[in-house]
Amino acid sequence: MSIGLQVAGTVPGGVYSDLRASRQLPRDIFYRFNDEEYRWVSKENWTYDRSFQVSSEALAKAKQILVLDGVDTVADVYLNGQLLGKSDNMFVRLRYDVKGVLKDGANLLEVRFTSPVLVARQRAAEQAKQYVVPPECPDVHYRGECGVNHLRKMQASFAWDWGPAFPSMGLWKGVHLESYDEAVLRDVVFSSRPTGVAWKSTVRVHWETGAGGGGHPPVGKLAAALIGPDGAVAASKEVVVTLAADRDGTGHTDLSLSVPKSAARLWWPSGHGPQDLYHLNVSLRSAEAAGGGGGGWDHVSVRVGLRTVELVQEEVLAGQPDKGLTYYFRVNGAPVFAKGSNWIPAHVLPELGADRAVVRHLLLSAKEANMNMLRVWGGGVYESDTFYQLADELGILVWQDLMFACAMYPTGRAFLRSVDAEVRQQYRRLAHHPSVALWAGNNENEAALRGNWYGTARLGGFDQFRRDYVKLYVDTARAAVRDEGSTAPFVVSSPSNGAESEAEGFVAKNPYSELYGDDHHYDYTSDGWNPAVFRHTRFGSEYGFMSWPSRTTMMTATDPEHADEDLALGSELAASRQHHPGGNLEMALQILQHLPLPADFNKSEHFDTFVYYSQIYQAMATKTETEFLRRSQNLLTPRGEGRTMGALYWQLNDVWQAPSWASIDFGGRWKMLHHMAVDFFAPLIVSPHVDGGDLRVDVVCDDPRHDVVLVRTDVLGWDSFRPRTRRVDSVRLRGAGSTPRALAAPLEALLQEAGCHDRRCVLRFRLTSANGSATEGPDNYLFPRSPKDTLMPNATLQVTSVRGPLPGTRHQRWDYALRLTASSPAAFVWLDAGPHPGRFSRNGFHLTDAAGVELRFHTDERVAADSLAADIRVTALNGAATGGRHRTHDRKRRPGH
């Protein structure tokens, strides 16, 4: 090591986490400006070494294979001074035959890393001798490093518009030695389909007989048993196999299993049925071994599900191809409207992104917000086994991008060989999970190429980069997946026109066509609270708006000494944390469309106001767009637009404490958006909107129900809980996917009837059962005028009691019960528990009932109820709590006050 540091290392681990653990990095890597202060780490070369003993029993085995599950990224691997091989792809498992290299006594394993920053620049320069493969560097606002597209490394580790640059190095996954005489099992791929009276399943078992192969192939017994959710054997099979491996010492065997349909228990996405899982036990043993005893070589157990997933692309109107194609998921024969978000790595350091507690919290939070799909975005990593196992359990479908994002990529022979190995290994690891619904070749690269985002037309010409595009994603990545026997849907890019893009040579003339495929939609200048600005896409796979995280979360990036200086929109830290060009100004302009932002909002005294308002705008804009997409599933315009079947907003989670599109911040705290997502993704919602002066009220139903519900429309003044007028309309639900209209009437006429000429009104919509006795689904609201133009008397809010701890009712361990009341209706009520980690059962809501609201605070921290009560702060757009520790917002500029 050129700088002479030597510290204890961990596996899995990385240089940043190890240097921090040893205090060579004195402060947290996310403290203030450490993303740049600690950049030196990524520009040095580092070596991980380990001395170890090998047992005489292991040395006596016919084969000794060293396996490195994940090396990040460019490294030489040495054992006892002998070079075993080189790594330059963090997504590939490495295996080396070390028979004869291992010795009795001390062995020394060394993994010598070269700076990825240095190597990326070198490879980009070498490629540029032929032609430049852009982008050469990220946008200057990212504060990142150049050339990451030349490395098979987490692309976001060199920075993104929501994250810092921490180009780490290390053994981010495990290292182990395998010693055996005959063979080991590596991966089990499972697929199933209904045929006749049974579900037929194919079990592809990948095995290895040693990295070198050669010799007489061993003969063994391969057995597979499918154990049902009830613990009984649902199907089993055993065959004798001759393990004739390829030159690499690898091979596979296919087995068929059959489960009678009458006994089959299917896996369904959340909200559409149960998530029944089977255990698939696979064993390999000597052919001479009798029954199940003795001679065992290896065994593997995975959980699988019986289900089918199709991506349906067929004519929207039969015989009218000019109207375009559908784009939706059909699971077990049933159409599924995909509701969810986009997943980025849970940490910028890949070895920390697999933390089970963090992954569990995020996925359970997604489930609790009524999500049934997450898109694993292509600039991160193929996620941990924990991620997919939890997705299986929770019924969360996974749209799986391959790890290519927002760039052109080189297509040299070595690069393509590496990609081929990467895709095959990851497919074999993940394909058995019932949650994995689709594979996508890349993020936004079709649109980037067609749109000349990176100057490709100038650098090498469209035709050159189109050839590279097809060579990489179609001839290599897709070909590898298909060669593995996959029947899973595969799309080449996102966004894309899907089948239409393929018909146009894989790069459509307009990858954002509303008549095909999926869409990424971002608009930071229009009014995001107005549904008229959105697109009638077939599938919204990305859309979103930014906000700042809470003060509590931001305080973990600074300290009390610097807080007043740092926590201000005009501060150096705020500028450093904002990687989206012009992001803070965009947020301010968006807020000003609807909220009374102080003129001097850049000052520290208004930081909390800006955070609060930014979260209101983000939540409301995302809610508006999501409801627009859900309402559009049965819409078909004369041109053929509509039939929307997916709404995945950008993004679920964060990698550090900074402004972003996330609905859950880096501290695990739900932003207002995530609380609203619970409602706008609910199985049954009432969704009002204004179109050309008319109020239109639709009901959107995901449930397979056929009954009548009532829609109650109350016109409320902000000065009283008593509705000024009320009307009740009935609608009949006609199963999942129905979107009946309950009301269409001139909005001004309703307001005039209620005497709302004084700008003091809001419309509340409530679903009830046919007899009005029970509430069905969440309330919804419509502001006839922007909140900044609405007269709202000050409301006094009060937390009347806090009780607990009580047993948890969500995924946190403890609950605290509290009651909140208000003197008059209050808008965008927000509760903050200060330093206590957790969340409230509702937040960011409108309090419009005189009785108040019963709430729960869900937390893993056991604390005295009175201590929690003292730290709870309550505020609203038009008021705040009395007593306790609460924060008010500057409302001097509100009309009428």
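Using the UniProt record's numbering, the letters of the sequence shown correspond one by one to residues 1 to 897. Ideal Cβ positions, reconstructed from N, Cα and C, are used throughout, including at glycine.
If you check the beta carbons only, do residue i and residue j fall under 8 Å apart?
{"i": "His846", "j": "Pro825", "result": "yes"}
{"i": "Pro335", "j": "Tyr328", "result": "yes"}
{"i": "Ser341", "j": "Tyr649", "result": "yes"}
{"i": "Ser156", "j": "Ile29", "result": "Sequence inspection shows Ala at residue 156; the Ser mentioned does not correspond to that position. Not in contact: Ala156 and Ile29 (Cβ atoms no closer than 8 Å)."}
{"i": "Lys671", "j": "Ser773", "result": "no"}
{"i": "Gly4", "j": "Asp18", "result": "no"}
{"i": "Asn443", "j": "Ser384", "result": "no"}
{"i": "Leu362", "j": "Gln400", "result": "no"}
{"i": "Val686", "j": "Leu635", "result": "no"}
{"i": "Ser168", "j": "Leu349", "result": "yes"}
{"i": "Phe545", "j": "Ala647", "result": "no"}
{"i": "Pro116", "j": "Val74", "result": "yes"}
{"i": "Gly808", "j": "Ala865", "result": "no"}
{"i": "Tyr427", "j": "Asn445", "result": "no"}
{"i": "Asn794", "j": "Gly879", "result": "yes"}
{"i": "Pro740", "j": "Leu747", "result": "no"}
{"i": "Val507", "j": "Arg450", "result": "yes"}
{"i": "Tyr180", "j": "Leu226", "result": "no"}
{"i": "Leu472", "j": "Leu438", "result": "no"}
Rounded to the nearest angstrom, what separates residue i and residue j at their Cα positions?
{"i": "Asn653", "j": "Arg303", "result": "27 Å"}
{"i": "Thr552", "j": "Pro835", "result": "7 Å"}
{"i": "Thr487", "j": "Ala391", "result": "20 Å"}
{"i": "Asp694", "j": "Ala745", "result": "5 Å"}
{"i": "Pro489", "j": "His272", "result": "20 Å"}
{"i": "Tyr454", "j": "Thr525", "result": "23 Å"}
{"i": "Thr250", "j": "Gly305", "result": "26 Å"}
{"i": "Gly540", "j": "His141", "result": "27 Å"}
{"i": "Val219", "j": "His706", "result": "58 Å"}
{"i": "Arg873", "j": "Ala833", "result": "6 Å"}
{"i": "Leu716", "j": "Thr848", "result": "8 Å"}
{"i": "Asp248", "j": "Thr209", "result": "9 Å"}
{"i": "Ala366", "j": "Asn80", "result": "48 Å"}
{"i": "Leu567", "j": "Leu585", "result": "16 Å"}
{"i": "Ala658", "j": "Gln578", "result": "7 Å"}
{"i": "Val11", "j": "Gly170", "result": "8 Å"}
{"i": "Lys99", "j": "Asp420", "result": "27 Å"}
{"i": "Leu751", "j": "Arg27", "result": "58 Å"}
{"i": "Leu352", "j": "Val611", "result": "28 Å"}
Can you name the start and end residues of the beta strand (DSSP E) that residue i belongs to?
{"i": "Ile65", "result": "63–68"}
{"i": "Thr202", "result": "198–208"}
{"i": "Ile227", "result": "219–227"}
{"i": "Gly340", "result": "338–343"}
{"i": "Gly646", "result": "646–649"}
{"i": "Gly251", "result": "250–260"}
Rounded to whole angstroms, how far is the Cβ of residue i from the Cβ of residue j, which I believe are closer than 8 Å?
{"i": "Ser769", "j": "Val709", "result": "7 Å"}
{"i": "Arg204", "j": "Asp254", "result": "5 Å"}
{"i": "Asp702", "j": "Phe337", "result": "6 Å"}
{"i": "residue 899", "j": "Trp207", "result": "Any property of residue 899 remains undetermined from this structure, which presents the chain solely from 1 to 897."}
{"i": "Ala742", "j": "Val711", "result": "4 Å"}
{"i": "Ser632", "j": "His521", "result": "Contact doesn't hold; Cβ gap of about 13 Å is too wide."}
{"i": "Ser270", "j": "Gly395", "result": "3 Å"}
{"i": "Trp297", "j": "Glu182", "result": "5 Å"}
Need the endpoints of the alpha helix (DSSP H) that residue i sits in, please.
{"i": "Pro807", "result": "Where Pro807 is concerned, there is no enclosing alpha helix (DSSP H), although the beta strand (DSSP E) it sits in stretches over 795–807."}
{"i": "Leu177", "result": "Premise fails: Leu177 lies in the beta strand (DSSP E), 175–180, not in any alpha helix (DSSP H)."}
{"i": "Leu673", "result": "672–680"}
{"i": "Asp18", "result": "15–21"}
{"i": "Phe415", "result": "413–430"}
{"i": "Glu314", "result": "No alpha helix (DSSP H) holds Glu314; DSSP gives it neither H nor E."}
Compare the C-beta of residue i with all C-beta atoms of chain C and state if any pair is closer than 8 Å.
{"i": "Glu514", "result": "Among the chains in the structure shown there is no chain C, since it carries only a single protein chain."}
ask   = Pairing CB atoms from the region 111–123 with CB atoms from the region 34–51, are three or more of them under 8 Å?
value = yes
ask   = Does the region 752–762 touch the region 779–786, meaning 3 or more C-beta pairs lie closer than 8 Å?
value = yes
ask   = Using 8 Å as the threshold, is the region 494–501 in touch with the region 514–525, meaning 3 or more CB pairs across them?
value = yes
ask   = Pairing CB atoms from the region 410–418 with CB atoms from the region 274–287, are three or more of them under 8 Å?
value = no
ask   = Are there three or more Cβ pairs, one per stretch, closer than 8 Å when the region 852–862 is compared with the region 830–844?
value = yes
message = Counting beta carbon pairs with one atom in the region 92–108 and one in the region 69–81, are three or more of them shorter than 8 Å?
response = yes
query = Are three or more beta carbon pairs between the region 54–64 and the region 22–41 nearer than 8 Å?
reply = no
key: Segment contact, 8 Å Cβ cut-off, at least three pairs: the region 117–132 with the region 141–155   = yes
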